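Enquirer:
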Amino acid sequence: MTAPKIELRGLGKIYPTPQGDVDALVDINLTVNDGEFLCIVGPSGCGKSTLLRILAGIYEETSGEIIVHKADIDRPLNSVVFQEYAIFPWRTTLDNIAFGLEMRGVPKPNRMAIARAYMEKVGLTRFADNYPNQLSGGMKQRVALARAMANDPEILLMDEPFGALDAQTREVMQEELLRIWEEDGGKTVVYITHSIDEAVMLGDRVVIMTAHPGRIKSIHPIDLPRPRTQQIRGTAEYAHIAQVIREDLSEEVDKAQAMERLES
Ligand SMILES: Nc1ncnc2c1ncn2[C@@H]1O[C@H](COP(=O)(O)OP(=O)(O)OP(=O)(O)O)[C@@H](O)[C@H]1O
Ligand SMILES: [Mg+2]
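The following block contains the structure:
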C-alpha cells in the first residue's frame with residue numbers, strides 16, 4: 044500500500060487574468076499512495092478544484108512537476124466525478140454508465156454487461172431506461188459514480204461529488220462509494236470535500252490546504268478501521284480526529300473570510 048501513485052513536487056499554478064496573475068497553488072508537495080483514499084479539505088477558493096483539474100490533465104501546472112505511476116496501459120488513467128451532475132441528458136442511465144467504455148471502443152455486449160453490473164451496484168437497475176431529467180439529484184450522482192467506476196480507471200478523482208445532495212442522501216452515497224471502492228479492489232482516490240465529517244468518514248488521510256493561495260497546511264492520517272459505515276461517527280476515535288482537523292482547518296477558514304471582507 045505504500046508505493047507512490049501520484050507525486051507532486053513543488054507544484055504551482057498561476058491563472059493570468061486581465062486584472063493580473065492569480066496565484067492559485069503554491070509549492071504543493073504531496074505523494075498519493077497506490078490504493079489510497081486521500082481526502083482534501085480547505086476553505087473556499089483555496090485551489091482544491093484547480094489541483095484536481097491538474098491531476099485530471101484538464102489544466103496544466105505552471106511550475107513544478109507531477110509524476111503519475113501508470114500500472115497498466117490497457118486501463119484508463121483516471122475518471123472524474125464533479126459536483127455538477129456531468130451526465131448526458133440525451134442518454135439513458137444505462138447508456139450514460141456505458142459512455143466511457145464506448146469511448147474506449149469496448150465492444151457493445153461487453154460494455155453493456157459491465158455497465159449493467161455497475162448500474163446494479165448503485166441500485167439503479169429499475170431506472171435503466173430513464174433519462175437524467177427523470178432522476179433525482181442523488182440518482183444522477185449515482186449514474187456519474189457508476190460511469191466513472193465502470194470505466195475502471197487507475198485513479199478516481201472526485202470534486203465534491205455529493206456536495207449538492209441533502210444530508211441523508213449524502214450519507215447513503217458515502218457508504219455506497221466506500222462499498223464499491225472496496226469491492227473494486229482499492230483504486231487510488233483523490234476526493235475533495237468541504238465537509239470534515241465526510242473526509243474523516245472516507246479517507247485514509249486528510250490533507251488540509253491553506254486559504255488562498257493554496258498550500259498544504261497539514262496532513263492527518265485517519266486510523267479508523269475499515270470497512271466503515273455511518274456507525275463510525277458514534278465512536279470516540281472518530282470524534283477526536285474530526286475535532287483535531289476542525290481546529291486545524293478553522294484557522295484557515297477564518298483567514299479566507301477575512302480576505303473576502305477585505306475584497307468586498
Ligand atoms: N479559470 C480561472 N481563471 C482565473 N482564476 C481562477 C480560475 N479558476 C479558479 N481561479 C481562482 O483560483 C483560485 C482557486 O480556485 P479553485 O476553484 O481551485 O478553488 P476551490 O478550493 O475549488 O474553491 P471552492 O471550495 O469554492 O470550490 C480562486 O482564487 C479562483 O478565483
Ligand atoms: Mg472547487
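Number 132 in the working numbering belongs to position 89 of the sequence shown; there are no gaps in the numbering.
The C-beta atom is built at its ideal place from N, Cα and C for all residues, glycine as well.
Everything numeric in this text was worked out from a predicted model, so none of it was measured.
1) Output the distance between the C-alpha atoms of T253 and P86, rounded to the nearest integer angstrom.
2) Give every residue of the same chain whose Cβ lies closer than 8 Å to the Cβ of Q177, excluding the five residues on either side of it in the sequence, and list them in chain order.
3) Taking the beta carbon of P204 as the centre, do at least 16 other beta carbons fall within 10 Å, making it buried, or is it exposed?
4) Quick one, are the C-beta atoms of K48 and V84 less than 7 Å apart?
5) Classify D209 as buried or exposed, calling it buried when 16 or more other Cβ atoms lie within 10 Å of its own Cβ.
6) Quick one: give me the first and last residue of the beta strand (DSSP E) that T231 is part of.
7) What does DSSP give as the partner residues of V75 in its beta bridges?
8) Taking one C-beta from the stretch 244–251 and one from the stretch 280–293 each time, how about it: are there three or more such pairs within less than 8 Å?
9) Should H93 be listed as close to ligand 1, given that the test is whether its C-beta is under 6 Å from any heavy atom?
10) Please find out if some non-hydrogen atom of ligand 1 comes closer than 6 Å to the beta-carbon of G107.
11) When DSSP builds the beta bridges, which residues end up paired with G257?
12) Looking at V123: is its Cβ nearer than 7 Å to the Cβ of A158?
13) Straight-line CA distance for Q274 to P268?
14) Less than 8 Å between the CB atoms is what I'm expecting for I140 and Y161, so what's the real figure, rounded?
15) Just checking C89 against ligand 1 - is the residue's beta carbon closer than 6 Å to any of the ligand's heavy atoms?
16) Assuming L245 contacts C89 under a Cβ cut-off of 8 Å, what Cβ separation, rounded to an integer in Å, is found between them?
17) Say whether the stretch 50–64 touches the stretch 101–109, bearing in mind that this needs 3 or more beta-carbon pairs closer than 8 Å, one atom from each stretch.
18) According to DSSP, is S238 part of a helix, a strand, or is it coil?
19) So N121 packs on L199, CB below 8 Å; how close in whole Å?
20) State yes or no: is the C-beta of E225 within less than 7 Å of the C-beta of P270?
21) With distance defined between alpha-carbon atoms, name the residue in E280, R185, P264 and E306 nearest to E315.
22) Please tell me whether T136 and N194 are closer than 7 Å, where the distance is taken between their beta carbons.
23) According to DSSP, is H263 part of a helix, a strand, or is it coil?
24) Which same chain residues, not among the five before or five after V65, have their C-beta less than 7 Å away from its C-beta?
Expert: The short version:
1) Position 210 of the sequence shown, counted from the start, is the residue given in the question as residue 253. Position 43 of the sequence shown, counted from the start, is the residue given in the question as residue 86. Taking the straight line from one Cα to the other gives about 7 Å.
2) Taking the first residue of the sequence shown as 1, we reach residue 177 at position 134. These residues qualify, in order along the chain: F170.
3) As a position in the sequence shown, residue 204 is number 161, starting the count at 1. By the 10 Å Cβ count, P204 comes out buried.
4) Taking the first residue of the sequence shown as position 1, residue 48 is located at position 5. Taking the first residue of the sequence shown as position 1, residue 84 is located at position 41. Against a cut-off of 7 Å, the Cβ pair of V84 and K48 comes out as no contact.
5) Taking the sequence shown and counting its residues from 1, one reaches residue 209 at position 166. Its Cβ having fewer than 16 others within 10 Å, D209 is exposed.
6) To locate residue 231, count along the sequence shown from 1; it is residue 188. First-last of the beta strand (DSSP E) with T231: T231 to I235.
7) Start at 1 with the first residue of the sequence shown, and residue 75 comes out as number 32. In DSSP, V75 forms a bridge with I49.
8) yes
9) The residue given as residue 93 occupies position 50 in the sequence shown. According to the sequence shown, residue 93 is Thr rather than His. Result yes, Cβ under 6 Å from ligand 1.
10) Numbered from its first residue, the sequence shown carries residue 107 at position 64. Checking the Cβ of G107 against ligand 1 gives no.
11) What you label residue 257 is simply residue 214 of the sequence shown in a count that begins at 1. Partner(s): L68.
12) As a first step, residue 123 must be located in the sequence shown, where it is residue number 80. As a first step, residue 158 must be located in the sequence shown, where it is residue number 115. Remark: C-beta atoms of V123 and A158 do not approach each other more closely than 7 Å.
13) In the sequence shown, the residue the question calls residue 274 occupies position 231. In the sequence shown, the residue the question calls residue 268 occupies position 225. Cα-Cα distance, rounded: 12 Å.
14) For the purposes of this step, residue 140 is taken as residue 97 along the sequence shown, with counting starting at 1. For the purposes of this step, residue 161 is taken as residue 118 along the sequence shown, with counting starting at 1. That belief holds up - the Cβ atoms of I140 and Y161 are roughly 6 Å apart, short of 8 Å.
15) Numbered from 1 along the sequence shown, position 46 holds the residue referred to as residue 89. Placement of the Cβ of C89 at a distance of less than 6 Å from at least one heavy atom of ligand 1 is found.
16) The residue labelled residue 245 in the question sits at position 202 within the sequence shown. The residue labelled residue 89 in the question sits at position 46 within the sequence shown. In fact, because the Cβ distance is near 19 Å, the residues do not count as touching under 8 Å.
17) yes
18) Start at 1 with the first residue of the sequence shown, and residue 238 comes out as number 195. In the structure shown, S238 sits in coil (DSSP, three-state: anything other than H, G, I, E or B).
19) Along the sequence shown, read from residue 1 onward, the residue named residue 121 stands at position 78. Along the sequence shown, read from residue 1 onward, the residue named residue 199 stands at position 156. Contact flag correct, Cβ pair sits at about 7 Å.
20) The count along the sequence shown starts at 1 and reaches residue 225 at position 182. The count along the sequence shown starts at 1 and reaches residue 270 at position 227. The answer is yes: Cβ separation under 7 Å.
21) As shown, the chain starts at 44 and ends at 307. That puts residue 315 outside it, with no answer to give.
22) As a first step, residue 136 is located in the sequence shown; it is residue number 93 there, counting from the start. As a first step, residue 194 is located in the sequence shown; it is residue number 151 there, counting from the start. Result no, Cβ atoms of T136 and N194 do not sit closer than 7 Å.
23) Taking the first residue of the sequence shown as 1, we reach residue 263 at position 220. If DSSP states are grouped into helix, strand and coil, H263 belongs with the strands.
24) Within the sequence shown, numbered from 1, the residue matching residue 65 stands at position 22. Excluding residues within five positions, the ones whose Cβ falls inside 7 Å are I57 and Y58.
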